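Novice:
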Amino acid sequence: MIRTLVRSRKLNDAPRRPVLALVAALMLAIPAVAPPVAWAQGETPAGQHPGTKPADAKPADAKAPDAKPVEAKPADAKPAAPQPAAPKPEMSEQLKAVRAQLDIAKAELEAREKQLGHPDLTVADLSAIRDSAGTVTEEIRALITRLDTPLEAARERLTQLGPKPKDTQESADVAEQRVEREAAVTRIDETQRLARSLLVQGDQIIDRVSNRRRESFTRDLFQRSQPLVGPGLWAKVMADVPRDTRSLQSALSDIGLLFSRNGSIGNLLFLGLAFGISIALYFGRRNIAPRAARRDASATEPSRRATLLAAWRVILLGTVPAVAGSYAVYYALDATNLLPSRLLPVAAAILGGLAFIAFVEALCDGLLSPDKPAWRPAPVGDAAATRLTRLAVGIATVLTVVKSVEALNSGISAALPISIATRGLGAVATALILAVGLHRFADTEQEEEACFGPYVPTKTTTGIGGPARLLGWAAVALIGVGALVGYVAFAAFLIDQLIWTASVLVLLYLLVQSVDTFIGRALCDETRLATALQANTGLRKRSLTQISVLATGAARVILILVAALLVLAPWGLDSTDIVSSIRQAFFGFKVGDVTISLSSIAFGIGILVLGVFVTRAVQRWLELTYLPATDLDAGLRNSITTIAGYFGFLLSLALAFSYLGLSLEKLTIVAGALSVGIGFGLQSIVNNFVSGLLLLWERPIRVGDQVVIGDSEGIVKRISVRSTEIQTFDRSSVIVPNSNLISGVVKNRVRGDRSGRVSITVSVLRNQDPVRAAEMIVGCAQGHADVLKDPAPRVVFKKIGDPFLEFELLVWIVDVSLGQKVQTDLNYAVFATLSGAGFIPPLGPGASIVTVQGFEAMQSAMGEIASRFGQAAQAPEPRESKPLQDSNETGASPAQPQRDRGLRSAGG
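Per the working numbering, the sequence shown starts with residue -13, numbered consecutively.
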């Protein structure tokens, strides 16, 4: 129609023909090529609708070869017809295969959900439903993971087209590509949402199965039967005894029949050989195993390692032969078909009970070692070890008898009252044995006081703490009362759990002690392993100690978790529940609208640690290899290294956050919380951090500068995020917050350059020529190699004293760090020069001049006293007193010069 209209129109707009021809050529030359989306549509050429043949595909603006483009007049123009919507592209084969798998999974889940609606499902049926639903959910989860990549790719292709314009109309090619890509995104997203809905359905089925199993477990556990103290139970037991006796006789006759039918010489020899091997193994366990354990009775203090190794040898040598002997007999009975199939569980219970008794004996012997206290790993006394061994073996024996009788009741199809009575009596017997054992654990040793005084408590000799005995008595009460009032199943379950938990805890104790000894001490002590690791890896002893602590801690956590799972397993906790919980916690669980994934957190931390490691490596390379080869000073090198560390850490942090899916919008909440914290408690930290950045950028203080801050002077060693480390000249470190360096007064001796000034004070005699002395002092300074020529050294005549003239030598040195060295050298040189010239006399102690002033009044008073004493000595005395005067004169005459010398010395 368009071509006919163009042909019939006159060509009256000739000047516009070249422009129209150029536009048409450009429209034909631009190919509308779109990349195919393989997951959502078939492979179709660009610009072609699905279902259209290549030969029929023509551009919308194509014209006939002989057609001439003519612009239509505005009056004759008709409104453009709306473009038909592009047909929806077909689904790809890969997406069809995914949809088919989802349909199969949906049918499977619906069948399991329908099956779960039946009320009379056993534990085995529930386990089968759970396993089936778990397999389907795993397949659905794998499909969802597979769809993530194509969905992101399809969305990225659609994003490249940009938003759809509102005011103008898109070209046909862009509109077609938009439709195709939107369809691709829609189909993949719908498929993934369908898979997620099926995944939720499967998880709900698994949760329902778990709830049904817990309800069934609780119902069976607390189901009450007829009490043992009531006469009704025993009346029914007496009524059912004849019937069960006949069933037992029938079972014995079946055994005789099988022996007569299958009792060939080969089967009997095989069974006898099995019994012989079993007896030999049990005999060897009781007689040879103690010798093979290599526990020397004469050893008084064996090492911890030797004690634990001996304990494990005792446990293994006492358990493995018993288990092997019991299994050999059971295998022979099963293989020879000499025992009815309904009685095989009886044989299994008896043989397993014997192996269990042997295990308990070996465990007690290895852990408690009643006969050899020096080889005892457990910290208990001798009496406690003996009593614990007897108690454990007694309970194991009673449990074996009860389990064997229960298996026999099941094999002969005994009546329910007899089974209840058997389990109840076994529970009561176990409770009585446990009560007797706990009673014997009571403290019986008493210490009488020798005299009146303060109360002295009795000594505990059992080694069993109060909480353990309290729990034991609680278990005795629950088991005994439960069995008597009719909760036989609950009492039997408590007995099983008590024995199972005790066995797990004992093995856990041995394993933890073994880990601490064989791993921790092997790396901490001076062992061959520690020495080899230090020699081959270069690790220090402290590093090996840290590794051993971490290794033993991780091993302890794993062992405790495994022990907890083993203890909780009989309480209805299935391994599938554990795996599901671990997977949910590891791959993501929701708290409100937030999804927390431990795997993402672990990988994010790994990215951060890897980034920090790479950053530290780059910092070391810059600090030790590259920057020392440049002409940059130490302060600038430190700034570059520190800024590189900050940049690497921030980049690693950004990568970790991006992996966790934390965008800037989500980080605004954290920033808001941090702003509140900064306003209150983090203000000082942020102030120091910003001050550190300013120090690195402005560099008023650099690494290696000699600064004075308050009363401290030293060399700047490191500028970190929060503080700056300054090393004083006495080798002590002063940590100064960065904010103090920015806001406080700091004296930097090497801010402009490294040169500095040194001054020394020199005193010469007053009778010497000061000009000559100054020239000699300057000459000493000019001869030093570290003294700068410009500015030249100079001498300042500071003081004319009595009896010295004081000078000050001022010199400038190349590096301020050489100040003390130059000062020492100049002191030596000046002293030697001036002493040699006689400007500094060699004064000694005898030639010291002491000038005392301020004693003029005392000097006159002492002179007056001396004159008076002199006049009294010259006056005439009586005759009888002459000898006394002579003696006084003779005695005073030597003292007078000394007194005069003292007065002269005091007066000056």
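Where is the CB? At the ideal position from N, CA and C, for every residue including glycine.
These numbers were taken from a predicted model, which means no experiment stands behind them.
1) In whole angstroms, what is the alpha-carbon distance linking P45 and R164?
2) Please report the distance separating the alpha-carbon of L81 from that of I90.
3) Which stretch, first to last residue, makes up the alpha helix (DSSP H) that contains F269?
4) Tell me whether the beta-carbon of C350 lies closer than 8 Å to the beta-carbon of V306.
5) Going by DSSP, name the residue or residues bridged to S749.
6) In this structure, how does DSSP classify S211 when only helix, strand and coil are distinguished?
7) Should A478 go down as buried or exposed, given a rule of 16 or more other Cβ atoms within 10 Å for buried?
8) Taking 8 Å as the threshold (C-beta atoms), are A318 and A393 in contact?
9) At what residues does the alpha helix (DSSP H) containing P136 begin and finish?
10) Can you name the start and end residues of the beta strand (DSSP E) that Q713 belongs to?
11) Closer than 7 Å by C-beta to D106: which residues in its own chain qualify, once you throw out the five before and the five after it? Chain order, please.
12) Could you tell me the alpha carbon to alpha carbon distance between A463 and R199, rounded to whole angstroms?
13) Exposed or buried, E434, counting other C-beta atoms within 10 Å across all chains shown (16 or more means buried)?
14) If you draw a straight line from the C-alpha of F342 to the C-alpha of A296, how long is it?
15) State the Cα-Cα distance for the pair W486 and F643, rounded to the nearest angstrom.
16) Short check: CB of L681 to CB of L646, under 8 Å?
17) With distance defined between alpha-carbon atoms, name the residue in S233, I629, L610, S638 nearest to F599.
18) Should G690 and G621 be called a contact, given that it needs their Cβ atoms to be closer than 8 Å?
19) Measuring CB atoms only, is the region 183 to 196 touching the region 204 to 213, in the sense that at least three cross pairs come out at less than 8 Å?
20) Tell me whether the region 322 to 341 and the region 395 to 402 touch, counting them as touching only if at least three CB pairs, one residue from each stretch, are closer than 8 Å.
21) Compare the beta carbon distance of R795 and L820 with 8 Å and say whether it is the shorter of the two.
22) For R373, count neighbouring Cβ atoms within 10 angstroms of its own Cβ and tell me buried if that reaches 16, exposed if not.
23) Return the CA-CA distance between D739 and S803, expressed in angstroms with no decimal places.
24) Determine the direct distance from the alpha carbon of V391 to that of G410, and round the result to whole angstroms.
25) Under the assumption that D482 contacts P363 (Cβ atoms under 8 Å), give the Cβ distance between them as a whole number of angstroms.
26) Please confirm if the region 284 to 295 is in contact with the region 351 to 370, defined as three or more CB-CB distances below 8 Å between the two stretches.
27) Between E138, G188, G103, which has its C-alpha nearest E125's C-alpha?
28) Report all residues from its chain with a CB closer than 7 Å to the CB of N724; omit the five preceding and five following residues, and keep chain order.
29) Is the beta carbon of A461 closer than 8 Å to that of L491?
30) Tell me whether I90 sits in a helix, a strand or coil according to DSSP, three-state version.
31) Since F783 sits in a beta bridge, which residues does DSSP pair it with?
32) Just the Cα atoms here: how many angstroms apart are I746 and F783?
33) Under a three-way DSSP split, which group does Q692 fall into?
34) Roughly how far, in whole angstroms, is the beta-carbon of A279 from the beta-carbon of R299, given that I think they are within contact range, below 8 Å?
35) May I have the straight-line CA-CA distance separating R132 from H104, to the nearest angstrom?
36) Which residue marks the beginning of the beta strand (DSSP E) containing S698, and which one marks its end?
Specialist: The answer reads as follows:
1) Here residue 45 is taken as the residue at index 59 of the sequence shown, counted from 1. Here residue 164 is taken as the residue at index 178 of the sequence shown, counted from 1. For P45, the predicted model reports a pLDDT of 39, less than 50, meaning its position is unreliable; a value from the coordinates is still stated below. Their backbone Cα atoms lie some 18 Å apart in a straight line.
2) Here residue 81 is taken as the residue at index 95 of the sequence shown, counted from 1. Here residue 90 is taken as the residue at index 104 of the sequence shown, counted from 1. Going from the Cα of L81 to the Cα of I90 covers about 14 Å.
3) As a working note, residue 269 is residue 283 in the sequence shown. Unbroken alpha helix (DSSP H) run through F269: 251 to 273.
4) Indexing the sequence shown from 1 puts residue 350 at position 364. Indexing the sequence shown from 1 puts residue 306 at position 320. Taking 8 Å as the Cβ cut-off, C350 and V306 do not qualify as a contacting pair.
5) Reading the sequence shown from its first residue, position 763 is the one you call residue 749. Per DSSP, E792.
6) To locate residue 211, count along the sequence shown from 1; it is residue 225. Residue state, collapsed to three classes: coil.
7) Counted from its first residue, the sequence shown places residue 478 at position 492. Looking at its Cβ environment, which holds 16 or more other Cβ atoms inside 10 Å, A478 is buried.
8) Counting from one through the sequence shown, the residue named residue 393 turns up at place 407. Counting from one through the sequence shown, the residue named residue 318 turns up at place 332. No, the pair does not count as a contact, with Cβ atoms beyond the cut-off.
9) What you label residue 136 is simply residue 150 of the sequence shown in a count that begins at 1. Counting along the chain, the alpha helix (DSSP H) containing P136 begins and ends at 109 to 146.
10) Looking up residue 713 in the sequence shown gives position 727. Residues 709 to 714.
11) Taking the sequence shown and counting its residues from 1, the one referred to as residue 106 is at position 120. None.
12) As a first step, residue 463 is located in the sequence shown; it is residue number 477 there, counting from the start. As a first step, residue 199 is located in the sequence shown; it is residue number 213 there, counting from the start. Cα to Cα, the separation comes out at about 28 Å.
13) Indexing the sequence shown from 1 puts residue 434 at position 448. With a pLDDT of 41 at E434, under the threshold of 50, the modelled position of this residue cannot be trusted; read the value that follows with caution. Counting Cβ neighbours within 10 Å, E434 comes out exposed, since fewer than 16 surround it.
14) Locating residue 342 in the sequence shown gives position 356, counting from the first residue. Locating residue 296 in the sequence shown gives position 310, counting from the first residue. Approximately 21 Å, taken between the alpha carbons.
15) Reading the sequence shown from its first residue, position 500 is the one you call residue 486. Reading the sequence shown from its first residue, position 657 is the one you call residue 643. For W486 and F643, the distance between alpha carbons rounds to 46 Å.
16) Indexing the sequence shown from 1 puts residue 681 at position 695. Indexing the sequence shown from 1 puts residue 646 at position 660. Against a cut-off of 8 Å, the Cβ pair of L646 and L681 comes out as no contact.
17) On the sequence shown, position 613 is the one that residue 599 refers to. Per the Cα distances, S638.
18) Residue 690 sits at position 704 when you count from the first residue of the sequence shown. Residue 621 sits at position 635 when you count from the first residue of the sequence shown. The answer is yes: Cβ separation under 8 Å.
19) no
20) yes
21) By one-based count along the sequence shown, residue 795 stands at place 809. By one-based count along the sequence shown, residue 820 stands at place 834. In the sequence on display, residue 795 carries Leu and not Arg. Cβ distance not < 8 Å, so L795 and L820 don't count as in contact.
22) For the purposes of this step, residue 373 is identified with residue 387 of the sequence shown, where counting begins at 1. When all chains shown are included, R373 counts as buried.
23) Taking the first residue of the sequence shown as position 1, residue 739 is located at position 753. Taking the first residue of the sequence shown as position 1, residue 803 is located at position 817. Their backbone Cα atoms lie some 12 Å apart in a straight line.
24) The sequence position of residue 410 within the sequence shown is 424, counting from 1. The sequence position of residue 391 within the sequence shown is 405, counting from 1. The alpha-carbon atoms of G410 and V391 are separated by roughly 12 Å.
25) Sequence index remark: in the sequence shown, residue 482 carries index 496 (1-based). Sequence index remark: in the sequence shown, residue 363 carries index 377 (1-based). Rounded, the Cβ-Cβ distance is 26 Å, inconsistent with contact.
26) yes
27) As a working note, residue 125 is residue 139 in the sequence shown. Of the listed residues, the one whose Cα sits closest to E125 is G188.
28) As a first step, residue 724 must be located in the sequence shown, where it is residue number 738. Hits under 7 Å: N674, S677, G678, L681, R708, S709, T710.
29) Here residue 491 refers to the residue found at position 505 when the sequence shown is read from its first residue. Here residue 461 refers to the residue found at position 475 when the sequence shown is read from its first residue. No.
30) To locate residue 90, count along the sequence shown from 1; it is residue 104. Helix at I90.
31) For the purposes of this step, residue 783 is taken as residue 797 along the sequence shown, with counting starting at 1. Per DSSP, F793.
32) Against the sequence shown, residue 746 aligns to sequence position 760. Against the sequence shown, residue 783 aligns to sequence position 797. One C-alpha to the other measures close to 12 Å.
33) As a working note, residue 692 is residue 706 in the sequence shown. It is a strand residue.
34) Position 293 of the sequence shown holds residue 279. Position 313 of the sequence shown holds residue 299. The Cβ separation is near 5 Å, so the contact holds.
35) Reading the sequence shown from its first residue, position 146 is the one you call residue 132. Reading the sequence shown from its first residue, position 118 is the one you call residue 104. C-alpha separation (whole angstroms): 35 Å.
36) Within the sequence shown, numbered from 1, the residue matching residue 698 stands at position 712. Start and end: 698 to 705.
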